Amino acid sequence: MREYDVIVVGAGPAGSTAARIAANVGLKVLIVERKRRPGLPVQCAEYVPALIDLEVEIPEKAVAQRVEGMEALFPDGTTFTVRAPGYLLRREVFDATLAQQAVEAGAELWTDACALALAEDEVIVRKEGRILTVKTRVVVGADGPRSIVARAVGYRPHRLAVAYQVEVEVPEPLRVTRVYFDPTFFGGYAWVFPKGSTANVGVGVTGGGVDGRRPDLHGLLGKFLVFLGWEKRRIIRRTGGFIPVNGPYWRCCSGRVILCGDAGGFTHPVTGAGILFAVQSGELAGRAMVRYFCEATPLSIYDEEWRKFLGPPLLRAVRHRRRMEAVWTEDAQALTSLLREVWQL
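Right, here's the structure in full:
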């Protein structure tokens, strides 16, 4: 039977970052990734603030476009532009780069492999049609918002927003990201994020809406494209995904299991941004494992660290989201006032 110090489930930014840090000190690390290629299909809007430069070096080939600002368009017709330097990524390149860095540090990567269950000190994995049992001392759940690892150790499911996006050709390059607010985008917004000759155009909403009905994402996005005058633009790809909006679990460490990235709820509850938080939570998870194996520090140090460094902005945003959804209204003036407050614009 194969044995590892650490099994990381998920080769996204959180999992690969945690794996790299653990492997760097000589720990035997296995990454189990269900996709054939990390980062594909793309399931996010691909924007990340420039602050990520403090956490990880982004290769030039992973950057589709740099932007310096964000323009917000509110229901009452007003606009607000704020300086917001950042990058539009090529997620398939970015994720593959982080996974390769983990491998170069010594981690082993299994792609097209699915973690099925956890049992005591084992992870059950399906790979190439075979069911394998792999022993491990620590498991890192970095397997997304509907995490198998989280469910296996008894965590409740996250409350999720849903998003649908297309990448379209644009007539001319855009210089800023744009977000559009409307009463029909309950708890969320629509966006246009530029990528040179193309743009990611999408809509994300909280399930249920004002009237409790399931949101028609295809319909909402179709109307948004018409609003932009882009309904006949060539669509290069379509994608969708889920976004945790209730903040991180208060305890993201359970026994010898650590949750990071979307699996732990490390996305901004108001904006939905998750890439930077994924890298940061993965780094904290990696450091916690190093201290656990090298200094016999309890793994629960991870919870202390994320609460200290990531907790303030995330928990504040949880309160903003609760208020936003509680008083969401179809009145344009009132909704604009609310959104400016919770987005701090």
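Heads up: the sequence shown at position 256 corresponds to 256 in the working numbering, and the numbers run straight through without jumps.
We treat Cβ as the ideally placed atom computed from N, Cα and C, and that holds for glycine.
Quick caveat, the model's predicted, so the values are computed rather than measured.
query: Three or more C-beta pairs under 8 Å: does that hold for the region 107-124 against the region 212-223?; result: no
query: Can you check which of these residues, Val125, Arg83, Ile52 and Ala113, is closest to Leu89 by C-alpha distance?; result: Ile52
query: Drop a sphere of 10 angstroms on the beta-carbon of Ser197, count the other beta-carbons inside from all chains shown, and report buried for 16 or more, exposed for fewer.; result: exposed
query: How would you label Glu33, buried or exposed, when you count the other beta carbons within 10 angstroms and need 16 or more for buried?; result: buried
query: At 3 residues or longer, and completely inside the region 75-129: list those beta strand (DSSP E) runs for me, N to C.; result: 79-89, 108-110, 113-119 and 122-127
query: With distances taken Cα to Cα, identify the nearest neighbour of Thr206 among Leu160, Phe224 and Pro248.; result: Leu160
query: Let me know the secondary structure DSSP gives Phe242 once reduced to three states.; result: strand
query: Spatial neighbours of Leu40 within its chain, please: C-beta separation below 7 Å, excluding the five flanking residues on both sides.; result: Glu92
query: Report yes or no: do the region 244-251 and the region 316-323 share at least 3 C-beta pairs separated by less than 8 Å?; result: yes
query: Use the C-beta contact count for Ala296: other C-beta atoms within 10 angstroms, 16 or more gives buried, fewer gives exposed.; result: exposed
query: Where does Met289 land, buried or exposed, given buried means 16+ other C-beta within 10 angstroms?; result: buried
query: I'd like the list of long-range same chain contacts for Arg234, defined as Cβ closer than 7 Å, with 5 residues on each side in sequence excluded.; result: Val168 and Glu169
query: Could you check where the beta strand (DSSP E) with Pro194 kicks off and where it finishes?; result: Tyr189 to Lys195
query: Fully enclosed by the region 251-294, which beta strand (DSSP E) runs are 3 residues long or longer?; result: 257-259
query: When we look at the beta-carbon of Asp303 and count the other beta-carbons within 10 Å, is it buried (16 or more) or exposed?; result: buried
query: Assuming Gly272 and Gly204 form a contact by the criterion Cβ under 8 Å, report the distance between their Cβ atoms to the nearest whole angstrom.; result: 6 Å
query: Is Arg20 helix, strand or coil by DSSP?; result: helix
query: Per DSSP, which one or two residues make a beta bridge with Gln165?; result: Gly202 and Thr239
query: Check whether the region 122-135 and the region 58-67 are in contact - that is, three or more C-beta pairs closer than 8 Å.; result: no
query: Expressed to the nearest angstrom, what Euclidean distance is found between the alpha-carbon atoms of Leu259 and Phe193?; result: 29 Å
query: Tell me, to the nearest whole angstrom, how far the beta carbon of Ile7 is from that of Ala102; I am working on the premise that it is less than 8 Å.; result: With a Cβ gap of about 13 Å, Ile7 and Ala102 do not count as contacting.
query: Counting along the chain, where does the alpha helix (DSSP H) carrying Tyr155 start and finish?; result: From DSSP, Tyr155 is part of no alpha helix (DSSP H); its letter is neither H nor E.
query: Classify Asp182 as buried or exposed, calling it buried when 16 or more other Cβ atoms lie within 10 Å of its own Cβ.; result: buried
query: Over what stretch of residues does the alpha helix (DSSP H) that includes Val226 continue unbroken?; result: Leu217 to Leu228
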